[in-house]
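Student: For the sequence shown, counting from 1, position 240 maps to 248 in this note's numbering; every step adds exactly one.
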Amino acid sequence: MFRSLMVLACLATAGDALAQSKRYPPEPVDKDEDDAKKSNLWEKATNPQRKPYEDLLAEAQTALEDRSIDSAKEAAGKLGEAIKLLPDDPRAYRMRGDAHTTTKDWMGCAADYTDAILRIKRNDPDAKQLGDLRRKLGLCQARAGKLADAEKTLADAAAAGGVSGEVWVRLGEVRIAMGKLDEAIAALESAGEQTDVALPLVRWLLMGAYDRARKPALAAEAGRLAIEGRTEDGARRSSDREMTLLKNPAMPLLGTGESEYLQGLAGAYFDPPRPEYSVVYFRRFLAVARDSPWRKRAEEHLRELKGAELPEYVDKRGGNAVLDVAAARVAARKVMPQMRACMAKQTGLILEVTITKGGPRTAGNTAVPVRRGMPPDGTTTLVRDNLDGIGSVERDNAVKCIEAISEKLRGNLPAIKEKDTWYRAAFLVVAP
């Protein structure tokens with residue numbers, strides 16, 4: 009009797025389990041992933057090189073996370089040891105490519121990313137990173153001077169889909185360097201449609217492409233959008249008024265002097281324009297990019313700027329008095345040749361002169377300003393850019409020379425009639 013009851017209980021339990029399994033079936037197994045895991049486990053058990061290899065990769069990863077040049081070199085050394093242990097595993101090649109990218113060893117990172125891609129197998133987890141590896145490979149190939157290889161790598165990655173918008177950005181700049189301007193513009197316009205790229209960088213590059221393609225109106229539009237952004241961009245609206253993406257890009261722009269060329273071009277598209285910046289940066293471009301195919305275009309821009317009367321504008325920087333900026337500009341232009349002569353040897357320097365001028369004071373209160381915040385008359389000169397890293401002695405000599413002239417200029421600026429009021433005027437000075 010007892011035995012019969014036990015049998016019935018087992019049958020009931022089995023029935024419940026069967027019903028439950030029908031209601032909650034087990035998750036389907038990915039056979040390829042399962043096979044790969046079993047293969048990796050088997051290799052770890054049978055290959056004595058696997059553990060020291062994994063240890064070296066872990067140590068290298070820790071070093072790479074430091075993001076310093078010395079740590080990247082240390083990581084590259086460890087990864088070289090790892091490659092000797094398991095030369096067919098792609099991970100060490102990929103990581104060493106990252107290390108070489110940090111140290112800007114473009115030939116090294118191109119070689120390592122190529123080796124990583126060649127070793128990736130279809131059932132390897134790294135296969136999911138193939139698109140990103142192609143992006144990195146194209147970036148390194150371009151900076152190693154292999155433009156045709158870089159174009160093919162990046163074009164293939166873009167055509168395959170599922171890649172970051174940066175692939176289109178890098179493809180665009182490669183085509184600019186190759187002189188394929190229409191194709192570069194098409195790639196950059198595609199980049200601008202992606203949601204994971206910095207719009208100002210795309211627009212700076214478009215500005216350069218349009219300029220070189222002799223489309224000044226479109227270059228101006230792209231430049232102004234990079235500086236100010238636009239409302240239609242919605243959540244992606246962004247601007248780069250300080251030109252940070254040109255001065256300190258996360259990845260060096262492709263082509264010697266490209267940053268200087270674009271900053272020189274951008275000077276024309278600020279409101280008000282900054283021709284002084286354009287003069288200095290185009291000069292700098294010609295000094296550093298001796299083999300660039302864009303030298304002729306930069307020389308054309310400089311010839312146009314040579315006829316400009318500087319300062320282009322005088323900016324009112326504060327005060328409660330009216331400043332006739334047109335009259336102030338005329339006064340400043342009269343002494344500008346003398347000021348620029350003070351900087352004859354400092355061609356990479358941009359100085360900003362600020363002059364503070366006050367009006368008549370209320371009778372009986374000439375010693376102390378009667379309005380809170382009314383500053384004393386005077387001039388100051390600040391360094392806005394120092395491309396050549398000019399030392400303090402040369403810089404201070406130029407500043408003293410200019411301030412002696414600007415102090416005289418203060419008396420020739422528009423007079424102030426209203427009592428107890430003042431203004432502050434500012435303008436830029438560059439070498440002749």
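Virtual Cβ for every residue (Gly too), placed ideally from N, Cα, C.
1) Please classify Arg232 as buried or exposed, where buried requires at least 16 other C-beta atoms within 10 Å of its C-beta.
2) In the structure shown, what three-state DSSP assignment does Glu360 receive?
3) Leu331 by DSSP, collapsed to three states: which one?
4) Can you tell me the Cα-Cα spacing of Ala434 and Ala71, whole angstroms?
5) In whole angstroms, give me the CA-to-CA distance for Gly173 and Ser198.
6) For the structure I just gave you, are there three or more beta carbon pairs, one from the segment 420-428 and one from the segment 398-408, closer than 8 Å?
7) Using a threshold of 8 Å, state whether the C-beta atoms of Thr442 and Arg325 are closer than that.
8) Which residues in the same chain have their Cβ closer than 6 Å to the Cβ of Tyr321, if we skip the five residues on either side of it in sequence?
9) Should Val177 and Ala166 be called a contact, given that it needs their Cβ atoms to be closer than 8 Å?
10) Taking Cβ to Cβ, would you say Arg245 is nearer than 8 Å to Ile235?
11) Straight-line CA distance for Thr429 to Gly367?
12) By how many angstroms is the C-alpha of Leu64 removed from the C-alpha of Glu89?
13) Going along the chain, which residues of its own chain have a beta-carbon closer than 6 Å to the beta-carbon of Ala83, five neighbours each way excluded?
14) Using a 10 Å radius around the Cβ and a threshold of 16 neighbouring Cβ atoms, would you call Thr239 buried or exposed?
15) Mind checking Leu270: buried by the 16 CB within 10 Å criterion, or exposed?
16) Could you check whether Glu360 and Thr387 sit closer than 8 Å to each other, using their CB atoms as the reference points?
17) For Ala158 and Arg151, I'd like the C-alpha separation in whole angstroms.
18) Pro260: buried (16+ other C-beta within 10 angstroms of its C-beta) or exposed?
19) For Leu155 and Met186, which I take to be in contact (beta-carbon distance under 8 Å), what is that distance rounded to the nearest angstrom?
20) In the DSSP output, which residue or residues are listed as bridge partners for Ala434?
21) Counting only the same chain and skipping the five closest in sequence on each side, list residues whose C-beta sits under 8 Å from that of Lys353.
22) Helix, strand or coil for Pro377, going by three-state DSSP, please let me know.
23) Hey, Val182 and Leu162: beta-carbon distance below 8 Å or not?
24) Determine the closest residue to Val288 out of Ile358, Arg220, Glu266, with distance taken between C-alpha atoms.
25) Just verifying my parser: in three-state terms, what is the DSSP assignment at Asn394?
26) Would you call the CB atoms of Glu329 and Ile424 closer than 8 Å?
27) If we ignore side chains and look at the alpha-carbon of each, how far apart do Glu211 and Ala412 end up?
28) I believe Ala192 touches Ala217 by the beta-carbon criterion, under 8 Å. Please report the beta-carbon distance rounded to the nearest angstrom.
29) What is the DSSP secondary structure of Thr70, counted as helix, strand or coil?
30) DSSP state of Gly386, grouped into three classes?
31) Are the Cβ atoms of Ile128 and Pro98 separated by less than 8 Å?
32) Output needed for Ala339: all residues of its chain with C-beta closer than 7 Å, excluding positions within five of it in sequence on either side, in chain order.
33) By the 10 Å Cβ neighbour count, where 16 or more other Cβ atoms means buried, how is Thr252 classified, buried or exposed?
34) Anyone know if the C-beta pair for Leu226 and Gly180 falls short of 8 Å?
35) Let me check understanding here. Comparing Cα to Cα, which of Leu93, Lys81, Gly85 lies closest to Asn55?
36) CB-CB under 8 Å to Pro319, same chain, minus the five flanking residues each way: which ones, in chain order?
Tutor: Judging by the given coordinates:
1) The count along the sequence shown starts at 1 and reaches residue 232 at position 224. By the Cβ neighbour-count rule, Arg232 is buried, with 16 or more other Cβ atoms within 10 Å of its own.
2) As a working note, residue 360 is residue 352 in the sequence shown. Note: Glu360 maps to strand in three-state DSSP.
3) Locating residue 331 in the sequence shown gives position 323, counting from the first residue. DSSP places Leu331 in coil when its eight states are reduced to three.
4) The count along the sequence shown starts at 1 and reaches residue 434 at position 426. The count along the sequence shown starts at 1 and reaches residue 71 at position 63. Going by the C-alpha atoms only, they are around 48 Å apart.
5) Working through the sequence shown from its first residue, we reach residue 173 at position 165. Working through the sequence shown from its first residue, we reach residue 198 at position 190. If you take the alpha carbons of Gly173 and Ser198, they lie about 8 Å apart.
6) no
7) Nothing can be reported for residue 442, as the shown portion of the chain is limited to 9 through 440.
8) As a position in the sequence shown, residue 321 is number 313, starting the count at 1. Only residues of its own chain outside the window of five on either side were considered, and among them Pro280 have a CB closer than 6 Å to the CB of Tyr321, listed in chain order.
9) Numbered from 1 along the sequence shown, position 169 holds the residue referred to as residue 177. Numbered from 1 along the sequence shown, position 158 holds the residue referred to as residue 166. Result no, Cβ atoms of Val177 and Ala166 do not sit closer than 8 Å.
10) As a first step, residue 245 is located in the sequence shown; it is residue number 237 there, counting from the start. As a first step, residue 235 is located in the sequence shown; it is residue number 227 there, counting from the start. In this structure, Ile235 does not lie closer than 8 Å to Arg245 by Cβ.
11) Start at 1 with the first residue of the sequence shown, and residue 429 comes out as number 421. Start at 1 with the first residue of the sequence shown, and residue 367 comes out as number 359. Using only the alpha carbons, I get a separation of about 5 Å.
12) For the purposes of this step, residue 89 is identified with residue 81 of the sequence shown, where counting begins at 1. For the purposes of this step, residue 64 is identified with residue 56 of the sequence shown, where counting begins at 1. The alpha-carbon atoms of Glu89 and Leu64 are separated by roughly 8 Å.
13) In the sequence shown, the residue the question calls residue 83 occupies position 75. Taken in chain order, the residues that qualify are Ala68, Ala71, Leu72, Ala107.
14) One-based indexing of the sequence shown puts residue 239 at position 231. Exposed: under 16 other Cβ atoms inside 10 Å.
15) Stepping through the sequence shown from its first residue, residue 270 is reached at position 262. Its Cβ being crowded by 16 or more others within 10 Å, Leu270 is buried.
16) On the sequence shown, position 379 is the one that residue 387 refers to. On the sequence shown, position 352 is the one that residue 360 refers to. No, these two residues do not count as a Cβ contact at 8 Å.
17) Against the sequence shown, residue 158 aligns to sequence position 150. Against the sequence shown, residue 151 aligns to sequence position 143. Across the structure, Ala158 and Arg151 are spaced so that their CA atoms are roughly 9 Å apart.
18) As a first step, residue 260 must be located in the sequence shown, where it is residue number 252. With fewer than 16 neighbouring CB atoms inside 10 Å of its own CB, Pro260 falls in the exposed class.
19) One-based indexing of the sequence shown puts residue 155 at position 147. One-based indexing of the sequence shown puts residue 186 at position 178. Between Met186 and Leu155 the Cβ distance is about 5 Å, and since that is below 8 Å, they are a contact.
20) What you label residue 434 is simply residue 426 of the sequence shown in a count that begins at 1. Answer by DSSP bridge pairing, in chain order: Asp323, Thr362.
21) Here the question's residue 353 lines up with position 345 in the sequence shown. Excluding residues within five positions, the ones whose Cβ falls inside 8 Å are Glu402, Ala439.
22) Here the question's residue 377 lines up with position 369 in the sequence shown. Note that Pro377 scores 48 on pLDDT, short of 50, meaning its location in the model is unreliable; the coordinates nonetheless yield the value given after this. Three-state DSSP puts Pro377 in coil, outside helix and strand.
23) Within the sequence shown, residue 182 is the residue found at index 174, counting from 1. Within the sequence shown, residue 162 is the residue found at index 154, counting from 1. Yes. Within cutoff.
24) The count along the sequence shown starts at 1 and reaches residue 288 at position 280. Nearest option by C-alpha distance: Ile358.
25) As a working note, residue 394 is residue 386 in the sequence shown. Asn394 falls in the strand class under three-state DSSP.
26) Looking up residue 329 in the sequence shown gives position 321. Looking up residue 424 in the sequence shown gives position 416. Before going on, a small fix: residue 329 reads as Ala here, not Glu. Yes, these two residues count as a Cβ contact at 8 Å.
27) Along the sequence shown, one-based indexing puts residue 211 at 203. Along the sequence shown, one-based indexing puts residue 412 at 404. Note that residue 211 corresponds to Arg in the displayed sequence, not to Glu. Approximately 42 Å between the Cα atoms of the pair.
28) The residue labelled residue 192 in the question sits at position 184 within the sequence shown. The residue labelled residue 217 in the question sits at position 209 within the sequence shown. Going by Cβ atoms, the distance from Ala192 to Ala217 rounds to 5 Å, so yes, they are a contact pair.
29) By 1-based counting over the sequence shown, the position of residue 70 is 62. Three-state result, Thr70: helix.
30) As a first step, residue 386 must be located in the sequence shown, where it is residue number 378. Reduced to three states, the DSSP call for Gly386 is strand.
31) Against the sequence shown, residue 128 aligns to sequence position 120. Against the sequence shown, residue 98 aligns to sequence position 90. Going by C-beta atoms, Ile128 is nearer than 8 Å to Pro98.
32) Translated into the one-based positions of the sequence shown, residue 339 becomes position 331. The answer, listed in chain order, is Leu417, Asn420, Leu421.
33) Within the sequence shown, the letter at position 244 stands for residue 252. Residue environment: Thr252 is assigned as exposed (fewer than 16 neighbouring CB atoms within 10 Å of its CB, all protein chains considered).
34) By 1-based counting over the sequence shown, the position of residue 226 is 218. By 1-based counting over the sequence shown, the position of residue 180 is 172. No; because the gap between Cβ atoms is not below 8 Å, this pair is not in contact.
35) Residue mapping note: residue 55 aligns to position 47 of the sequence shown, counting from 1. The shortest C-alpha separation from Asn55 is found at Leu93.
36) Here the question's residue 319 lines up with position 311 in the sequence shown. Excluding sequence neighbours, Pro319 sits near Glu284, Arg337, Ala340, Arg341, Met344, Phe435, Leu436, Val437.
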